[in-house]
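Protein chains in written order, with the working numbering: chain A, 111 to 477; chain Z, 111 to 477.
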């Protein structure tokens with residue numbers, strides 16, 4: 111079952127009336143009456159995510175269309191031009207993005223470049239008057255996250271971070287189970303995400319471009335789960351990292367485990383890895399029962415179980431299509447996104463604290 | 111299916127030839143020819159574990175018989191005397207245990223009293239010339255563990271700790287999967303055990319008697335899993351604790367999460383709780399796959415799954431009967447136990463380091 115509109119999406123999740131709040135910005139919103147105008151998206155960075163997920167997802171959206179690309183590879187530009195009928199005037203590289211200012215076909219730039227280039231490309235887009243959808247992690251430092259927020263604010267343009275799971279029905283259902291205390295207070299959350307990484311030359315293994323290892327890339331999902339299930343910000347974190355393959359992992363950690371304490375008394379234990387299999391899950395342990403998703407974080411196949419033996423298996427959606435349609439509607443209706451830059455900044459600050467804890471061997475207190 | 115002999119036990123586990131080593135003391139042993147003599151067990155402490163597990167298990171053993179009891183409650187003595195035909199001369203209290211020295215009916219004292227009384231009662235048993243089987247955690251400090259070890263050594267008597275899972279086929283199978291690297295090197299282990307504790311007046315919630323909270327009582331199983339799966343001792347630990355019910359948890363933690371680094375590069379993230387449900391599992395994440403038991407630590411129903419979709423579901427045994435029969439055979443054949451006092455001491459030292467890490471907010475290095 112494919113979901114093409116926000117309304118259908120909400121109907122399938124049975125969440126329309128649940129008033130679930132995600133990081134405080136997630137109350138159900140009244141939408142202005144629809145418009146036929148579709149928001150034009152330019153994808154900046156034509157790697158795997160754009161090729162395999164975002165471009166196909168854009169074909170399934172209701173409020174978006176793929177109108178432009180930004181790439182440093184002329185060969186890729188040719189290929190995309192042919193495949194998606196993108197006119198030459200809508201094809202940019204990273205050095206001429208300012209010319210987008212004159213291009214009404216492009217409303218949003220979706221920044222899908224390596225982590226440490228997000229600020230540069232997001233700021234260029236904002237300065238060209240475009241709204242920005244920026245992949246997660248938002249950037250490699252809190253300072254660079256703030257620069258993106260400031261640039262979008264100064265340009266009067268909207269900024270969202272690519273947290274696709276904030277639109278995924280099974281994750282939303284688990285948020286409901288936690289927030290409505292269906293099994294009582296959630297006391298302990300276990301979460302982990304990882305995979306054995308392939309190509310040793312890829313940018314994800316380079317500190318300058320990635321800002322870190324599996325924590326930045328996949329651990330952020332486990333961190334997000336602990337935050338959206340509790341609805342709170344961690345007040346303490348501690349962490350340990352390991353490397354068993356010092357050739358492949360010269361610059362970033364191979365695996366990391368961390369734990370976090372939340373002000374309401376919940377506690378989380380988490381992991382992220384580029385070295386092992388079978389981590390893509392969370393379990394929330396509460397007073398009167400538990401619930402889990404396994405897998406929780408994949409593009410599809412998300413499902414879970416509750417301690418009362420009920421399955422959690424709401425119909426799959428195209429998460430990227432939902433994410434982009436939501437941002438398009440926020441723009442069309444002048445409404446705030448549920449996944450603003452501030453949400454991306456929070457994660458980056460916490461991840462930096464997790465790295466500090468691992469480096470210093472000390473529990474780090476978060477403001 | 112009930113297992114009545116070590117031979118049947120080993121046959122059902124398909125481990126007889128596997129030579130799995132648990133903490134270095136677990137190679138398959140050649141047994142001396144059998145004897146008809148049964149080892150006489152006295153249970154010291156007639157709480158739930160003795161009543162519901164150990165006394166029934168003793169009826170299923172091949173090499174043991176319940177010959178005596180030690181209790182501070184005359185009413186319990188009367189009840190056990192009637193139920194198990196225990197002669198008056200084999201009924202002791204904690205003040206006259208030295209008189210056991212003259213009692214040939216009793217070979218072993220199984221110490222099942224609150225944690226902080228294990229040393230006192232184990233040492234009394236050893237001084238009376240009895241072998242000692244001591245429940246876990248061994249004691250509440252490394253020093254008191256050493257006192258037990260010394261007392262048994264000086265008395266020339268054997269000492270074992272009640273690690274029943276060292277005799278449980280599904281846990282042994284997982285040890286085999288880890289040690290034989292069936293899915294490659296194990297990189298990350300997740301383990302947790304806990305339950306919402308009932309009666310707020312019980313000794314497990316009193317620091318003096320328990321030595322700590324859920325870490326001491328159930329977290330020790332998660333800790334054990336990380337140690338017997340890796341076959342290594344952790345070199346670093348860090349930890350966080352929480353309390354959400356300060357009335358019930360005045361003296362000990364309600365929940366604890368900790369993480370541990372192992373010298374071979376594996377890393378573990380763990381939890382223990384008296385406040386939440388659904389924690390009784392471990393998962394080992396390796397390069398080429400994963401395997402897990404859920405539940406892993408219960409008295410029965412232990413089963414699991416491997417990433418190649420094979421179930422792990424070896425026939426259940428009475429874990430306590432297997433544990434006691436093994437100790438009886440060690441005594442009869444003058445062979446070392448796979449669960450010696452040194453193993454109990456190791457866990458207590460690590461748990462004290464975990465508490466130190468939680469208290470100080472610093473990663474603790476273990477020798």
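For glycine and all other residues, C-beta sits at the position ideal for the given N, C-alpha and C.
Alpha carbon to alpha carbon, how far is residue i from residue j?
i: residue 364/A; j: residue 153/Z; result: 49 Å
i: residue 167/Z; j: residue 433/Z; result: 10 Å
i: residue 427/Z; j: residue 473/Z; result: 39 Å
i: residue 243/A; j: residue 347/Z; result: 39 Å
i: residue 400/Z; j: residue 475/A; result: 34 Å
i: residue 292/A; j: residue 419/A; result: 14 Å
i: residue 313/Z; j: residue 177/Z; result: 27 Å
i: residue 230/Z; j: residue 254/Z; result: 9 Å
i: residue 219/Z; j: residue 409/Z; result: 22 Å
i: residue 173/Z; j: residue 464/Z; result: 38 Å
i: residue 386/Z; j: residue 302/Z; result: 11 Å
i: residue 140/Z; j: residue 442/Z; result: Caution is warranted here: a pLDDT of 36 is assigned to residue 140/Z, below 50, making its placement in the model unreliable, and no coordinate value can be reported.
i: residue 94/A; j: residue 322/A; result: As shown, chain A starts at 111 and ends at 477. That puts residue 94/A outside it, with no answer to give.
i: residue 259/A; j: residue 457/A; result: 14 Å
i: residue 438/Z; j: residue 368/A; result: 43 Å
i: residue 265/A; j: residue 211/A; result: 11 Å
i: residue 271/A; j: residue 361/Z; result: 44 Å
i: residue 328/A; j: residue 435/Z; result: 48 Å
i: residue 298/Z; j: residue 263/Z; result: 37 Å
i: residue 204/A; j: residue 471/A; result: 40 Å
i: residue 192/Z; j: residue 375/A; result: 48 Å
Excluding the 5 residues flanking residue i on each side, which residues of the same chain have their C-beta closer than 7 Å to its C-beta?
i: residue 112/Z; result: At residue 112/Z, the pLDDT of 37 sits below 50, so the modelled position is not reliable; the number obtained from the coordinates is stated separately. Within the same chain, residue 112/Z has close Cβ partners 170 and 428.
i: residue 405/Z; result: 390, 391, 411 and 412
i: residue 190/A; result: 156, 179 and 196
i: residue 186/Z; result: 156
i: residue 430/Z; result: 163, 164, 167 and 274
i: residue 225/A; result: 247, 249, 250, 319, 320, 321 and 326
So, is residue i buried or exposed, given that buried needs 16 or more other C-beta atoms within 10 angstroms?
i: residue 311/Z; result: exposed
i: residue 411/Z; result: exposed
i: residue 344/Z; result: buried
i: residue 198/Z; result: exposed
i: residue 206/Z; result: exposed
i: residue 336/A; result: buried
i: residue 214/Z; result: exposed
i: residue 268/Z; result: buried
i: residue 454/Z; result: buried
i: residue 466/A; result: exposed
i: residue 477/A; result: exposed
i: residue 334/A; result: buried
i: residue 241/A; result: buried
Suppose the cutoff is 8 Å on Cβ atoms and the five residues either side in sequence are ignored; what does the same chain contact list for residue i look like?
i: residue 159/Z; result: 222 and 245
i: residue 414/A; result: 280, 284, 401, 402, 403, 404, 406, 421, 422 and 423
i: residue 188/A; result: none
i: residue 357/A; result: 310
Just list the residues that DSSP pairs residue i with in beta bridges.
i: residue 381/A; result: 302/A and 367/A
i: residue 393/A; result: 300/A and 402/A
i: residue 481/A; result: The first residue shown for chain A is 111 and the last is 477, placing residue 481/A beyond what the model contains.
i: residue 474/A; result: 347/A
i: residue 174/Z; result: 149/Z
i: residue 269/Z; result: 242/Z
i: residue 154/A; result: 180/A and 221/A
Taking Cβ-Cβ distances shorter than 9 Å, what residues in chain C pair up with residue i?
i: residue 460/A; result: Absence of chain C from the displayed structure is noted, the protein chains being A and Z.
For residue i, collect the residues of the same chain with a Cβ closer than 6 Å to its Cβ; drop the 5 residues on either side in sequence, then sort them by chain order.
i: residue 307/Z; result: 384
i: residue 324/Z; result: 304, 382, 383 and 384
i: residue 351/A; result: 363, 366 and 468
i: residue 143/Z; result: Per-residue confidence for residue 143/Z stands at a pLDDT of 43, beneath the threshold of 50, marking its modelled position as unreliable; the derived number appears in the next sentence. If we look at residue 143/Z and ignore the five residues flanking it on each side, it has no Cβ neighbours.
i: residue 93/Z; result: As displayed, chain Z neither begins before 111 nor continues past 477, which places residue 93/Z out of reach and without an answer.
i: residue 359/Z; result: 353
i: residue 181/A; result: 156 and 187
i: residue 257/Z; result: 229
i: residue 512/A; result: Past the edges of chain A, shown from 111 to 477, lies residue 512/A, and the structure says nothing about it.
Handout entry: beta strand (DSSP E) runs wholly inside the segment 188-265 of chain Z, at least 3 long, in chain order
Key = 218-221 and 241-244
Exercise for the section: Kindly provide the ranges of any alpha helix (DSSP H) runs that are 4 or more residues long and lie completely inside the segment 402-454 of chain A, ordered along the chain. Expected result: 429-443
Practice task
Could you name each continuous beta strand (DSSP E) segment of 3 residues or more that falls completely within the segment 330-361 of chain Z, going from the start of the chain to the end?
Solution key: 346-352
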